[in-house]
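Chains as they are written, first to last, in our numbering: chain P, 247 to 460; chain A, 247 to 460; chain D, 247 to 460; chain U, 247 to 460.
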């Protein structure tokens, strides 16, 4: 017997029988030479929005952080453990990625929780409540708008939050400096789970539109 | 023009022309009914070890946290931002996942950094140094064994660390209680980038072996 | 009746009826011309790891020393009986082998005894205890790592020991001189009894990997 | 590339493609349950006389010591390294084998060296000279018999030596005690490389005869 959920074992069997044989040379060179992805993606943990799926990415292409609601805590050089900051530092300083994409998505549970902060904490630690505190000011502003529907407020906060995270990224000196030198580009994107559509942010206006696929 | 790296746009075109059409019903039901993944995976950001690839997972299957070296900080109910703890709380309390898999992998840059702590910080914030401090005691013990090769020390720490993260998971009351009730199972796995092999941890002994694929 | 265990007699009947007829010319020329194996193997006595089986070797191919845990005592030109040193001298100086392979294996009882030296001696002579004293320093160092599982410690010491034996081989002047001249090559290998896999040591790094079998 | 002689790699490929698949269950149970061979064989390093070949033995059947000329140094509970004594102790006390076979063979290089002791040492350490000193008295007696041909003297000493080694085995208290209790049986055998014939010793008379193969 194997100490792995049966579904995962079946999936791994597929990987080994179908995908790995056709990509073994790539895996071997990635093992030998190390990874050198050009892009870092900061995405949500949501099971419906994996970056490798949406971008049809193979091994070695995307360096991926995933946390609830694809957030970036602002620069805080204290003595605490900062998982997302550590990944950012590693991607920018060690791997020297050329692009960072903050990728949000529709129907995000974390954003939903931020819009309904009075709900009972999920556990005494209230980790989600505190984590989503990173977008609390924007959530309050959106919540107060009684003219938008609940769905509109959710989508609005999802997109506002992406713009916030891009701003937080620029609080890290290494990001700011490299972006100013033109060696690093920041991007925003929002994935619509229902339609499969990806909406891409215009860096000048902050608006999200669908790219031309033809 | 599109404000997205060209390679990502090309990948997204593949997704929309090939994958989405065959899974549109699934995406639509996942949008309508919400996600209900049975499994949470805590994996590394490494571009060569995406859980969706290794487990050939489709939309809705895996709730995925990715940070450098797939770490789980121990339970700390203070007023700070805890990204991994927030994801864990959400997966266990809200999504009620049945399985949590900590998935490490070979040639992990974070583990390598932990084994060479004297290297200069990647940036003044030294976020990687502090983050990998979560496995510092184990790293010191392994580093001291001059009879093992550098590769052997790296693999040893990668596996020791997986066992540590499983122990850290159990410091969260909600994890411990549900595991004791038999409603949540914890798993460890280690992915070999070169060979594509997944080694699965025996929960009793802590040893890693390859599952029978026949 | 025959004064031989029945199972051995049956096996010998198989040899005479099946194998010898197809190899009689080879045996006859090996008898007439003497042996001239290119390779010496230093292997363990373990019944599950015979070099002729693992290397599918025929008569005349491998000159084989087998002792508990495939050890090589360091060069000691005193007046004692040195079985392994005698075999080494004969292989290198008289047979002029071109390769020496130290072949260890998993689940080695001798290595296990070295890791548990406090166990009661097997007999008052404590020959195993003294023999395994050849790897005592490495065993102590590995035993002290409480973060590795018992199986991991065992495998680590099995591989460290192979590297030690290769170093001991080089304490013999005849081995050192011929290796330096490029006329003798030393190799390390580790056999996995469960999977039948052979892991081969990289002479530069000391790491063990599986050869490509395609 | 692989750091293994090409011939050995080819042989290992044969093992993995032909033999292992048909015996994988046996290897797996031997790995899981440990070895429990009924027979220990003390044989020569000679490349033409592998016990597994002559007895058509599979994994797990024979615990095998191989040294030059299949010798057993007499019991000497001092503080030195005794490889053969260690293997004997392990086989008898830990594995509890039921049979020990001392298997000599024709055209043995070690026996030939014992019969020509005036030859120059193979190396300054003269390990072969000292090791074959274990049969020096018998070698002297045979050498002095000018009526026997060189071939006859060689065969005579090969067989005398087998009887000596059986006597040396009985100097080990654990062997003597178990043999007296009827729980351990000692055997002598001599393999003819040219004809493939095995000659078995009669324990009462010490004579060697060929078993009936019908």
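Glycine included, C-beta positions come from ideal geometry on N, C-alpha and C.
These numbers come from a predicted model, not from an experiment.
*Helix, strand or coil: which one does DSSP assign to residue 437 of chain P?*
Reading the first chain from its first residue, position 191 is the one you call residue 437 of chain P. Strand at residue 437 of chain P.
*Would you report the Cα separation of residue 411 of chain U and residue 350 of chain D, rounded to the nearest angstrom?*
Here residue 411 of chain U is taken as the residue at index 165 of the fourth chain, counted from 1. Here residue 350 of chain D is taken as the residue at index 104 of the third chain, counted from 1. Linking residue 411 of chain U to residue 350 of chain D through their CA atoms gives a straight-line distance of about 27 Å.
*Hey, could you find the ends of the beta strand (DSSP E) residue 290 of chain U is sitting in?*
For this step, residue 290 of chain U is matched to residue 44 along the fourth chain. Start and end: 285-290.
*Endpoints, beta strand (DSSP E) assigned at residue 349 of chain D*: Here residue 349 of chain D is taken as the residue at index 103 of the third chain, counted from 1. 345-351 is the extent of the beta strand (DSSP E) around residue 349 of chain D.
*Compute the Euclidean distance between the alpha carbons of residue 335 of chain A and residue 322 of chain P, then round it to the nearest angstrom.*
As a working mapping, residue 335 of chain A is identified with position 89 in the second chain. As a working mapping, residue 322 of chain P is identified with position 76 in the first chain. The straight-line gap from Cα to Cα measures roughly 24 Å.
*Who are residue 432 of chain P's beta bridge partners in DSSP?*
The residue labelled residue 432 of chain P in the question sits at position 186 within the first chain. DSSP lists P:346 as partners of residue 432 of chain P.
*Who are the neighbours of residue 314 of chain D on chain U, taking C-beta pairs under 8 Å?*
Along the third chain, read from residue 1 onward, the residue named residue 314 of chain D stands at position 68. The answer, in chain order, is 329, 332, 333 and 336.
*asked:* Please return the same chain residues whose Cβ sits closer than 6 Å to the Cβ of residue 258 of chain U, not counting the five positions on each side in sequence.
replied: As a working note, residue 258 of chain U is residue 12 in the fourth chain. So no residue of the chain qualifies.
*What is the C-beta distance between residue 340 of chain D and residue 355 of chain U, in whole angstroms, given that I count them as a contact (C-beta under 8 Å)?*
On the third chain, position 94 is the one that residue 340 of chain D refers to. On the fourth chain, position 109 is the one that residue 355 of chain U refers to. Rounded, the Cβ-Cβ distance is 7 Å, consistent with contact.
*Would you say residue 266 of chain A faces chain P, with C-beta separation under 8 Å as the test?*
Here residue 266 of chain A refers to the residue found at position 20 when the second chain is read from its first residue. Chain P, which has a Cβ nearer than 8 Å to the Cβ of residue 266 of chain A, makes this yes.
*Taking the C-alpha atoms as reference points, what is the distance between residue 420 of chain D and residue 430 of chain D?*
Taking the first residue of the third chain as 1, we reach residue 420 of chain D at position 174. Taking the first residue of the third chain as 1, we reach residue 430 of chain D at position 184. Their Cα atoms are separated by approximately 10 Å.
*With a cut-off of 8 Å, do at least 3 Cβ pairs link the segment 271-284 of chain A to the segment 359-377 of chain P?*
Because the criterion of three Cβ pairs below 8 Å is not met, the segment 271-284 of chain A and the segment 359-377 of chain P do not touch.
*Looking at the unbroken alpha helix (DSSP H) that takes in residue 373 of chain D, where does it start and where does it end?*
Along the third chain, read from residue 1 onward, the residue named residue 373 of chain D stands at position 127. In this chain, the alpha helix (DSSP H) harbouring residue 373 of chain D covers 373-377.
*asked:* If you reduce the DSSP assignment to three classes, tell me which class residue 318 of chain P lands in.
replied: Your numbering for residue 318 of chain P matches position 72 in the first chain. The answer is coil: DSSP assigns residue 318 of chain P none of H, G, I, E or B.
*Can you tell which of A:369, A:370, A:362 and A:371 has the C-alpha that lies nearest to the C-alpha of residue 388 of chain A?*
Locating residue 388 of chain A in the second chain gives position 142, counting from the first residue. Measuring from the Cα of residue 388 of chain A, the nearest candidate turns out to be A:362.
*Is the beta carbon of residue 299 of chain P sitting closer than 8 Å to the one on residue 307 of chain A?*
What you label residue 299 of chain P is simply residue 53 of the first chain in a count that begins at 1. What you label residue 307 of chain A is simply residue 61 of the second chain in a count that begins at 1. No.
*May I have the straight-line CA-CA distance separating residue 296 of chain D from residue 287 of chain D, to the nearest angstrom?*
Taking the third chain and counting its residues from 1, the one referred to as residue 296 of chain D is at position 50. Taking the third chain and counting its residues from 1, the one referred to as residue 287 of chain D is at position 41. Cα to Cα, the separation comes out at about 10 Å.
*Using CA coordinates, which residue listed in D:451, D:443, D:413 and D:452 is at the minimum distance from residue 255 of chain U?*
For the purposes of this step, residue 255 of chain U is identified with residue 9 of the fourth chain, where counting begins at 1. Among D:451, D:443, D:413 and D:452, the Cα nearest to that of residue 255 of chain U belongs to D:443.
*In three-state DSSP terms, what is residue 444 of chain D?*
For the purposes of this step, residue 444 of chain D is taken as residue 198 along the third chain, with counting starting at 1. For residue 444 of chain D, the three-state secondary structure derived from DSSP is strand.
_Between residue 400 of chain U and chain D, is any beta-carbon pair separated by less than 8 Å?_
Along the fourth chain, read from residue 1 onward, the residue named residue 400 of chain U stands at position 154. Taking Cβ atoms only, chain D never reaches closer than 8 Å to residue 400 of chain U, which makes this a no.
*Assess, as a yes-or-no matter, whether the segment 441-460 of chain A is touched by the segment 394-405 of chain U under the definition of 3 or more beta carbon pairs within less than 8 Å.*
no
*For residue 454 of chain D: DSSP bridge partner residues*: Residue numbering aside, residue 454 of chain D sits at position 208 when the third chain is read from its first letter. According to DSSP, residue 454 of chain D bridges with D:447.
*To which residues does DSSP link residue 312 of chain U through a beta bridge?*
Numbered from its first residue, the fourth chain carries residue 312 of chain U at position 66. Partner(s): D:312 and U:289.
*Proximal residues, the segment 348-368 of chain D versus chain U, C-beta separation under 9 Å*: For the segment 348-368 of chain D, the set of residues with a beta-carbon nearer than 9 Å to any beta-carbon of chain U comprises 352, 353, 355, 356, 359, 367 and 368, in chain order.
*chain U contacts from the segment 412-433 of chain D (Cβ-Cβ distance under 7 Å)*: 420 and 433
*Report yes or no: is there a C-beta of chain P within less than 8 Å of the C-beta of residue 404 of chain A?*
Numbered from its first residue, the second chain carries residue 404 of chain A at position 158. Closer than 8 Å: no.
_Can you give me the C-alpha to C-alpha distance between residue 415 of chain D and residue 326 of chain U, rounded to a whole angstrom?_
In the third chain, the residue the question calls residue 415 of chain D occupies position 169. In the fourth chain, the residue the question calls residue 326 of chain U occupies position 80. The alpha-carbon atoms of residue 415 of chain D and residue 326 of chain U are separated by roughly 19 Å.
*Roughly how many whole angstroms lie between the Cα atoms of residue 304 of chain U and residue 289 of chain A?*
In the fourth chain, counting from the first residue as 1, residue 304 of chain U sits at position 58. In the second chain, counting from the first residue as 1, residue 289 of chain A sits at position 43. About 43 Å.
*So which residues on chain P does residue 457 of chain A lean against when the C-beta distance must stay under 7 Å?*
The residue given as residue 457 of chain A occupies position 211 in the second chain. Those within 7 Å of residue 457 of chain A in chain P are 248, 250 and 255.
*Could you pull the start and end residues of the alpha helix (DSSP H) that residue 426 of chain A belongs to?*
What you label residue 426 of chain A is simply residue 180 of the second chain in a count that begins at 1. Residue 426 of chain A -> alpha helix (DSSP H) spans 419-426.
*Kindly list the residues whose CB is nearer than 8 Å to the CB of residue 285 of chain P, restricted to its own chain and excluding five residues on each side of it in sequence; keep chain order.*
Translated into the one-based positions of the first chain, residue 285 of chain P becomes position 39. Cβ neighbours of residue 285 of chain P beyond the five flanking positions: 307, 308, 309, 343, 344, 345, 346 and 347.
*Report all residues from its chain with a CB closer than 7 Å to the CB of residue 432 of chain D; omit the five preceding and five following residues, and keep chain order.*
If you number the third chain from 1, residue 432 of chain D lands on position 186. Scanning its chain for C-beta atoms nearer than 7 Å, with the 5 sequence neighbours on each side dropped, one finds around residue 432 of chain D the residues 346, 412, 415 and 425, in chain order.
*Nearest to residue 338 of chain P by alpha carbon, out of P:396, P:393, P:422 and P:317?*
To locate residue 338 of chain P, count along the first chain from 1; it is residue 92. Looking at the Cα atoms, P:422 is the closest of the given residues.
*DSSP state of residue 356 of chain P mapped onto helix, strand, coil*: Position 110 of the first chain, counted from the start, is the residue given in the question as residue 356 of chain P. Three-state result, residue 356 of chain P: helix.
_alpha helix (DSSP H) segment containing residue 383 of chain D, residue limits_ = Reading the third chain from its first residue, position 137 is the one you call residue 383 of chain D. Looking at the DSSP string, the run of the alpha helix (DSSP H) that includes residue 383 of chain D is 382-389.
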